[in-house]
Each structure stands twice: as C-alpha cells, then as structure tokens.
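Residue numbers (full-length UniProt numbering): 1 to 117.
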C-alpha cells in the first residue's frame with residue numbers, strides 16, 4: 001500500500017517559499033544545511049521543509065505559475081480571521097471568502113484553503 005511522503009511545489013525561488021511555508025505550519029522548519037553544499041543556500045534549487053508528515057519540497061522550475069492549481073493544501077487553524085491576518089503579513093493574499101473558509105495564495109500564487117476549527 002502506498003503512503004504519502006512529500007508534497008512538492010514547483011516555484012521560482014525555493015528558499016523564500018520554504019521560509020513562508022515553515023512559518024505557516026506549526027512544527028515545521030526549513031531543513032538545516034550541513035555546510036557542504038556547492039551553492040549559497042539562498043540559491044538552492046531544492047529546499048526541504050520538515051517537521052511533520054508530509055514533508056514539503058520546494059523545487060526550482062524555469063516557468064512561472066499560469067493557471068489555477070489542480071491540487072491544493074487545506075490548512076486548519078483555531079481563529080480564521082487572526083490566522084488570515086498573520087498569513088497575509090507573511091506574504092500570502094486572500095483570493096476569496098467562501099462559507100466558513102478562506103481561499104488564499106502563497107507568495108508565488110499557489111492556492112490553499114484556510115479553515116477554522
């Protein structure tokens with residue numbers, strides 16, 4: 001039987017998007033570097049965000065996002081309005097208010113849903 005291991009985001013700047021998602025998700029952090037990488041971590045073409053399951057991988061791709069995501073994350077919080085303000089301060093934007101959740105987009109435009117308790 002298969003098990004979900006990672007969720008992978010294609011993006012233009014993996015390091016900054018990894019920092020965003022690490023700040024969004026409770027218990028997650030950008031995986032540490034060991035100092036042997038042949039590049040500046042800010043220019044890393046793949047960055048891992050770990051701390052829970054699934055892990056998030058951010059990988060560099062040459063093209064930008066042009067259409068709506070076919071898959072998105074649902075993120076749960078205790079206070080919908082307060083969390084929406086916090087995520088907006090981190091660089092997310094509100095796309096749409098829908099019933100009892102908020103459709104948001106991360107700094108590179110990837111949609112996700114923010115849901116209350």
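Cβ atoms here follow ideal geometry from the backbone N, Cα and C, with glycine treated the same way.
Residue span of the alpha helix (DSSP H) that contains residue i, given as start and end
i: residue 87; result: 80-90
i: residue 19; result: 14-24
Cutoff 7 Å; reference residue i; Cβ partners in own chain excluding five residues on either side
i: residue 83; result: 77, 114
i: residue 8; result: 57, 59
Contact set for residue i: own chain, Cβ-Cβ below 6 Å, skip 5 residues either direction
i: residue 60; result: 14, 45
i: residue 11; result: 17, 58, 108
i: residue 4; result: 54
Buried or exposed (CB count within 10 angstroms, at least 16 for buried), residue i
i: residue 69; result: exposed
i: residue 92; result: buried
i: residue 39; result: exposed
i: residue 47; result: buried
Enclosing beta strand (DSSP E) for residue i [first to last residue]
i: residue 76; result: 73-76
i: residue 95; result: 93-98
i: residue 111; result: 111-115
i: residue 4; result: Neither: residue 4 is in no beta strand (DSSP E) and is coded neither H nor E.
i: residue 46; result: 46-50
i: residue 55; result: 55-60
Spatial distance of residue i from residue j (CA atoms)
i: residue 6; j: residue 29; result: 14 Å
i: residue 101; j: residue 67; result: 21 Å
i: residue 112; j: residue 96; result: 11 Å
Contact set for residue i: own chain, Cβ-Cβ below 8 Å, skip 5 residues either direction
i: residue 49; result: 18, 21, 22, 25, 28, 29, 30, 31, 55, 56, 57, 58
Does the contact criterion of 3 or more C-beta pairs under 8 Å hold for the region 16-24 versus the region 104-111?
They touch, by the three-pair rule.
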